[in-house]
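Trainee: Sending over a structure as structure tokens; questions will come in a sec.
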Ligand code: SF4
Ligand code: SF4
Ligand code: SF4
């Protein structure tokens, strides 16, 4: 018997309509954990680097994480992996909600999709019965609308549906896959789903998920819940309220948005409004939010309630969470929180990424104001930014007129438009829109994280470390119960927290590069573990002092699966996954020069120091000067076949030494 | 809105209060209930075996955790509707019965009825586990001392057999049991 996982994947070929249930190799779990790790292995094995994202040979994987469907709190992520039409690199996006556990209960760990369907279909999975169904009647329907129609069709409210909207059908490069209160939205995976002619996957399962050492496992789960309760009563002192608690940023519950609105930039990542947060705004927004957020809701088996049910006079009820509350609003430089809710609701039905979309639209407005785009590109372009956003959103998801160009994201649109539009592409890395940062002093940790994060998305690599030095009077207390860092680095990290901000101990030359490397490595590795176990980053790698960490994770995984893993063992598995993913992207052409954060993220830059940071970090990671994992690194992780493949492709003799 | 689920046990009345407004739809209660009732305990979980089910429809903002109550051989003749705070609920939505009209509160493979047993355990649990796992207090627990009738509780096996008898007829069940005993 297999524990925690089901041991079966579904293989679906949309071109032929063939569907198979295939037993997976338990060895893969021992090597790559599950979720993102095993997804990467499948993509490495089966998708050669020359395969285009919009090709029938591209594979789209919907995966559960290893712990999804077990009682482990917050283990509910669906990890969707494929190749991105925007970056041509590996895309992986996670969504919370209910889909992954349901797939486990249906008896599968992954749905692996290849080919292209000649007509629009949806996949229905109910335990043993798996079928492709006609979806012509769902064409053009919104994401939630689609889910509702499928649930009605099947007459079962507990069916879980992941679907795309108009944007996905039209292969928008930043189309998302939506699932009620959660979405897998980065890097255009919804566009790949649309290209495959797959409108939705509906799942319903009624089978058991087994646990290897039950009494032990449930004890660890209870410990996690106890710690969540403890943290609810003990918010972190000395940080903004939004960073003091567990979960995704609690933006449906909290009213205080001072930190986001004053620290991040507005428009097309252009300027900060340091005195935006006035008592009047606070009062007005509180009123709007209280009349808009009807109920706080959670993902499967998690008490954190990061989501909200939203009522808006002009829309059907919908659900949202987190920072999307502000992304459209800030990009449109609007003060009207009501606008934010309205456009988010619409955008969700269309199925677009709430991070990239606002920036693309703000970019278009800039071009219009600069005279690069004109009334002939944008006939009847409205006057107010809010109305312009509705106008542009509509054009983009339909790929109509200028929308067809903008639907490829800022990087590609800038190049297609030309006439100097490239100058306005100032906030992308690896062709992908980045967080809207506009700060003074270079932050060396974030420099590395923006640059080298394999996903190119900061929230998927950062976490656990306060964003600014703690106030002196909270430091001692903070480190007292900071049990989270790996043992061998714990003292060094505590020292960092204590000394950071004192006298000379400020960025960019503090802390020493060796410490920076370790801090970045630790933050990233915990994400890799979460993305493989399916535990929400909101309970693990993202917040400060989370319930899951490198010391209890191995115990939970061992008790759940029956494998015997310790801290080092788990760390090694995560490292293997990290290098596998890197190799996939290297093989697809990722270069050192692609790993540069946007130029104006920070005003004060230090080119030489930045090069050195990158050098040292690569070395620390076991990568050569080009960011390629060395043969030794790969062999040490048992990835000899990858070293051989890279060797054969001549990637190691690219002018620079590999060691 | 608050509803109560009770089980009288000698003079001690165990009460779980259900606050629909606090429910966030996480289904942790379903997870732990089904894990607790697995054999061996916690060796598996499967919400379809849980003795509490959360009916929820976010798009109508309806959240109703329901406990599995008595098995009933026949469904109700008529159905009522409740309108609460402007939202329409089907009567079945609140009903605790394991009833032939639906597959709620039945073991997924055998179809045998499920019933909440307040996490009967030896030694007893401090509180029902669904309550323990509901960190947002949509479910809370109280014990009250009360003069009351002592309930005669049919055994699980008896309830299960009754269900089979209703489904297949007494003769068939007796036959089958006899055949199974001979096999050993
Ligand atoms: S912490 Fe928030 S986002 Fe994460 S699983 Fe829980 S409710 Fe969902
Ligand atoms: S555990 Fe509580 S909040 Fe979660 S679904 Fe059950 S009753 Fe609702
Ligand atoms: S009280 Fe125990 S048996 Fe009853 S529903 Fe809750 S967890 Fe299940």
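Residue numbers (my numbering), protein chains in the order written: chain A, 1 to 659; chain B, 1001 to 1184.
We put the CB at the ideal spot given by N, CA and C, even for glycine.
Along the segment 291-316 of chain A, what residues have a CB closer than 9 Å to any CB found in chain B?
Mentor: So the list reads 294, 295, 296, 297, 298, 299, 300, 301, 302, 303, 304, 305, 307, 309, 311, 316, given in the order they occur along the chain.
Trainee: Output, in chain order, the set of chain A residues within a Cβ distance shorter than 8 Å of residue 1042 of chain B.
Mentor: In chain order: 71, 211, 214, 215, 217, 218.
Trainee: Who sits around ligand 1, taking every residue whose Cβ is closer than 7 Å to one of its heavy atoms?
Mentor: The set, ordered by position in the chain, is A/74, A/76, A/96, A/246, A/247, A/248, A/298, A/299, A/302, A/304, A/305, A/306, A/307, A/321, A/536, A/538, A/539.
Trainee: For the segment 1025-1038 of chain B, which residues have a beta carbon sitting closer than 9 Å to at least one beta carbon of chain A?
Mentor: Against chain A - using a Cβ distance shorter than 9 Å - the residues of the segment 1025-1038 of chain B are 1025, 1026, 1027, 1028, 1030, 1031, 1032, 1034, 1035, 1036, 1038.
Trainee: Taking one C-beta from the segment 336-354 of chain A and one from the segment 149-166 of chain A each time, how about it: are there three or more such pairs within less than 8 Å?
Mentor: Flag = yes, the segment 336-354 of chain A and the segment 149-166 of chain A touch.
Trainee: Any idea what DSSP makes of residue 100 of chain A, helix, strand or coil?
Mentor: Residue 100 of chain A: helix per DSSP, three-state reduction.
Trainee: Between the C-alpha atoms of residue 1 of chain A and residue 302 of chain A, what's the straight-line distance to the nearest angstrom?
Mentor: If you take the alpha carbons of residue 1 of chain A and residue 302 of chain A, they lie about 27 Å apart.
Trainee: Let me know if residue 137 of chain A comes out buried or exposed under the rule of 16 or more other beta-carbons within 10 Å of its beta-carbon.
Mentor: Flag for residue 137 of chain A reads exposed.
Trainee: So with Cβ pairs under 7 Å, would you call residue 660 of chain A a contact of chain B?
Mentor: Here chain A comprises residues numbered 1 to 659, so residue 660 of chain A is not present and cannot be evaluated.
Trainee: Under 6 Å from any heavy atom of ligand 2, by CB: list those residues in chain order, please.
Mentor: Those residues, listed in chain order, are B/1023, B/1024, B/1025, B/1026, B/1027, B/1028, B/1029, B/1054, B/1065, B/1133, B/1134, B/1136, B/1138, B/1139.
Trainee: Comparing alpha-carbon positions, which option in A/610, A/196, A/154 lies nearest residue 445 of chain A?
Mentor: Of the listed residues, the one whose Cα sits closest to residue 445 of chain A is A/610.
Trainee: Label residue 18 of chain A either buried or exposed according to how many other C-beta atoms from any shown protein chain fall within 10 Å of its C-beta, with 16 as the threshold for buried.
Mentor: It counts as exposed.
Trainee: Report back the beta-carbon spacing between residue 385 of chain A and residue 340 of chain A to the nearest angstrom; my notes put them in contact at under 8 Å.
Mentor: Incorrect: roughly 12 Å between the Cβ atoms, too far for contact.
Trainee: With DSSP collapsed to three states, give me the class of residue 1016 of chain B.
Mentor: Three-state DSSP puts residue 1016 of chain B in a strand.
Trainee: Ordered along the chain, which non-local residues of its own chain (more than five positions away) have a Cβ less than 7 Å from that of residue 658 of chain A?
Mentor: Unreliable positioning characterises residue 658 of chain A in this predicted model, as indicated by a pLDDT of 43, which lies under 50. The coordinate reading is nonetheless provided below. Cβ within range, chain order: 624, 628, 630, 631, 652.
Trainee: Does residue 1016 of chain B come within less than 7 Å of chain A when only Cβ atoms are used?
Mentor: No, residue 1016 of chain B does not count as interfacial toward chain A.
Trainee: Find the nearest neighbour of residue 536 of chain A within the set A/551, A/459, A/497, judged by alpha-carbon distance.
Mentor: The option with the nearest alpha carbon to residue 536 of chain A is A/459.
Trainee: Mind checking whether the beta-carbon of residue 949 of chain B lies closer than 6 Å to any heavy atom of ligand 3?
Mentor: Examination of residue 949 of chain B is not possible in this model, given that chain B is present from 1001 through 1184 alone.
Trainee: Out of A/297, A/573, A/393, A/541, point me to the one whose CA is closest to residue 1021 of chain B's CA.
Mentor: Ranking A/297, A/573, A/393, A/541 by Cα distance to residue 1021 of chain B puts A/297 first.
Trainee: Please classify residue 1012 of chain B as buried or exposed, where buried requires at least 16 neighbouring CB atoms within 10 angstroms.
Mentor: Counting Cβ neighbours within 10 Å, residue 1012 of chain B comes out exposed, since fewer than 16 surround it.
Trainee: For the beta strand (DSSP E) that residue 118 of chain A lies in, which residues bound it at each end?
Mentor: Note, residue 118 of chain A: premise wrong, no beta strand (DSSP E); not H, not E.
Trainee: Does the Cβ of residue 1122 of chain B have 16 or more other Cβ atoms within 10 Å, making it buried, or fewer, making it exposed?
Mentor: Its Cβ having fewer than 16 others within 10 Å, residue 1122 of chain B is exposed.
Trainee: May I ask you to report which of helix, strand or coil DSSP gives residue 1049 of chain B?
Mentor: Of the three classes helix, strand and coil, the one that applies to residue 1049 of chain B here is helix, per DSSP.
Trainee: At what residues does the alpha helix (DSSP H) containing residue 1064 of chain B begin and finish?
Mentor: It is not in any alpha helix (DSSP H) - residue 1064 of chain B instead sits in the beta strand (DSSP E) that spans 1062-1067.
Trainee: Using only the alpha-carbon positions, how far apart do residue 151 of chain A and residue 579 of chain A sit?
Mentor: If you take the alpha carbons of residue 151 of chain A and residue 579 of chain A, they lie about 41 Å apart.
Trainee: Pick helix, strand or coil for residue 514 of chain A, following the three-state DSSP scheme.
Mentor: The answer is helix: DSSP assigns residue 514 of chain A an H, G or I state.
Trainee: Scan the segment 194-206 of chain A for residues whose Cβ lies nearer than 7 Å to a Cβ of chain B and list them as they occur along the chain.
Mentor: Correct list: 206.
Trainee: According to DSSP, which residues form a beta bridge with residue 210 of chain A?
Mentor: DSSP, once it has assigned bridges, lists B/1044 as partnering residue 210 of chain A.
Trainee: Can the beta-carbon of residue 1018 of chain B be found closer than 7 Å to that of residue 1073 of chain B?
Mentor: Going by C-beta atoms, residue 1018 of chain B is not nearer than 7 Å to residue 1073 of chain B.
Trainee: Taking all protein chains shown into account, decide if residue 1168 of chain B is buried (16 or more other Cβ within 10 angstroms of its Cβ) or exposed.
Mentor: Residue 1168 of chain B comes out exposed.
Trainee: From residue 595 of chain A to residue 1128 of chain B, what does the alpha carbon distance come to, in whole angstroms?
Mentor: One C-alpha to the other measures close to 53 Å.
Trainee: Using only CA atoms, which one of A/120, A/181, A/88 lies nearest to residue 1058 of chain B?
Mentor: Of the candidates A/120, A/181, A/88, the one whose C-alpha sits nearest the C-alpha of residue 1058 of chain B is A/181.
Trainee: Less than 7 Å between CB atoms is the rule here; does residue 1058 of chain B satisfy it with respect to chain A?
Mentor: Yes, residue 1058 of chain B counts as interfacial toward chain A.
Trainee: Less than 8 Å between the CB atoms is what I'm expecting for residue 450 of chain A and residue 597 of chain A, so what's the real figure, rounded?
Mentor: About 4 Å; that satisfies the 8 Å criterion.
Trainee: For residue 202 of chain A, report the span of its beta strand (DSSP E) as first-last.
Mentor: Run containing residue 202 of chain A: 198-204, per the beta strand (DSSP E) assignment.
Trainee: Between residue 1184 of chain B and chain A, is any beta-carbon pair separated by less than 7 Å?
Mentor: With a pLDDT of 46 at residue 1184 of chain B, under the threshold of 50, the predicted position of this residue should be treated as unreliable, though the coordinate-derived value follows. It does not; no Cβ of chain A falls within 7 Å.
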